[in-house]
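Sequential numbering of the sequence shown, starting at 4, is according to the working numbering. Here is the structure we will look at, set down as structure tokens.
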Amino acid sequence: MPKLSNTSDHQRFDEMFIHLTPKGAVVPYNLCIDVDGNYWVASKGGLFKFGVLYYDKKVVFFDNMMLVCFFFTLIYSVSIKIIYASAEDQVGLTEFRVFDLSGNMLQECFIDGKVQGMAITSGGDLFLTKQVQGDESAIFSIICPSGWEPVFDDVDIAFQTICMYDSSTLITATCSLPMNMYSNIQVIDVKKQKTVTSFSKSGKEDGEVYFPRCIRRYNDNILVLDKTGRIQEFTLTGEFVRIAAQIDAYLGNGFTVDGEQAVIACSGIVMGRDNETICDDWIEKINLDGSKWIPKPVKAGESSP
4 MPKLSNTSDH QRFDEMFIHL TPKGAVVPYN LCIDVDGNYW VASKGGLFKF GVLYYDKKVV
64 FFDNMMLVCF FFTLIYSVSI KIIYASAEDQ VGLTEFRVFD LSGNMLQECF IDGKVQGMAI
124 TSGGDLFLTK QVQGDESAIF SIICPSGWEP VFDDVDIAFQ TICMYDSSTL ITATCSLPMN
184 MYSNIQVIDV KKQKTVTSFS KSGKEDGEVY FPRCIRRYND NILVLDKTGR IQEFTLTGEF
244 VRIAAQIDAY LGNGFTVDGE QAVIACSGIV MGRDNETICD DWIEKINLDG SKWIPKPVKA
304 GESSP
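Shown next, in the form of structure tokens:
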């Protein structure tokens, strides 16, 4: 018989930081923390702001978003802004918006095609990766939303999630075409427009990457969250360092680093308090010290703690 999965299948009321489902922030794709400590969540239900005192504000709503939605804080010389992009699956169009920290929209434009990933430098240069046409995938640099400059392209691989390591170094997760569940990591020199190194095998073992969901810089290294639920730490030259944290597989969509913790946007099917299976969405924090979720299975006829 197949081995039963060892998962935390209960609804994680005791562990969750913010319960998103009751607020309407269903299917969270990614999140960030602004300079005031507020949490911004990009979800299928829209873009939400959760204050440090646990108030919430629904900023914008989209009806038909696909499972690609990214937003990041962007620091200019005189102001701080939220950069938000959502892609409509059927039309193949990406809506790009800029907000201030009060949720007021400052700028809006449309990008032809579906954005796959987005990253930004401290100096304000924005990088997007999207599938241009057919099987070709490319990374573009954007100085303003109306101006595109190709940085790197490849006809054999697809660029997925991306992360800025510094102003001249871009980290991207790639997979072969046609799209598959496996991936490796590439380090790209933006100025020279070439790959510096490529590392990680395709798979689920330590040091391997299985369908990467999010990449973040962590001190001098990088963290990669994939669908196994592992947040793995790598050096910039590709050496596997450790599993910094691990949650259940397939629940984590995106995360941000807050000190020595990962703040993860989670979504999945869990066992509720009334012994029913439900779809739940939440934010949860986990220490980046090798921590793992502790299974607390719910038995029939019992309620989770």
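Glycine included, every Cβ here is placed at the ideal spot set by N, Cα and C.
Proximity below 9 Å, CB of residue i to CB of residue j
i	j	result
V266	I36	yes
A122	L173	yes
F162	E152	no
I83	V101	no
I272	D261	no
L129	V38	no
V118	A88	yes
I225	K295	no
V212	A176	yes
I289	I234	yes
T164	T200	no
E242	F202	yes
A252	G275	no
G116	K133	yes
K204	F214	no
C166	I218	yes
F20	W285	yes
L23	A268	yes
Backbone secondary structure at residue i - three-state DSSP
i	result
K207	coil
K52	strand
K26	helix
F155	strand
K133	strand
K117	coil
S125	coil
E242	coil
L96	strand
P148	Caution applies to P148, whose pLDDT of 46 falls short of 50 and renders its modelled position unreliable; the value that the coordinates give is listed next. Correct three-state label for P148: coil.
S306	Since pLDDT at S306 reaches only 45, below the 50 mark, its modelled position is unreliable, and the value read off the structure follows with that caveat. The answer is coil: DSSP assigns S306 none of H, G, I, E or B.
M4	The predicted model places M4 with a pLDDT of 46, which falls under 50 and marks its position as unreliable; any figure quoted below should be read in that light. Coil at M4, not helix or strand.
G293	coil
M69	Legend: pLDDT at M69 = 36, less than 50; position of this residue unreliable, value from coordinates given subsequently. In this structure, M69 counts as strand in the three-state DSSP scheme.
Those residues which DSSP pairs with residue i across a bridge
i	result
M274	H13 and T280
D192	T172 and K197
P215	D229
N187	T177
L34	V44
Y221	N224
W285	H22 and C269
I160	S179
V101	I86 and Q110
V260	A265
I234	L228 and A248
I142	T132 and F155
Interface flag, residue i vs chain D, CB-CB below 9 Å
i	result
S186	This model lacks chain D altogether; it includes just one protein chain.
Anticipated Cβ contact below 8 Å, residue i with residue j, distance rounded
i	j	result
V29	K47	5 Å
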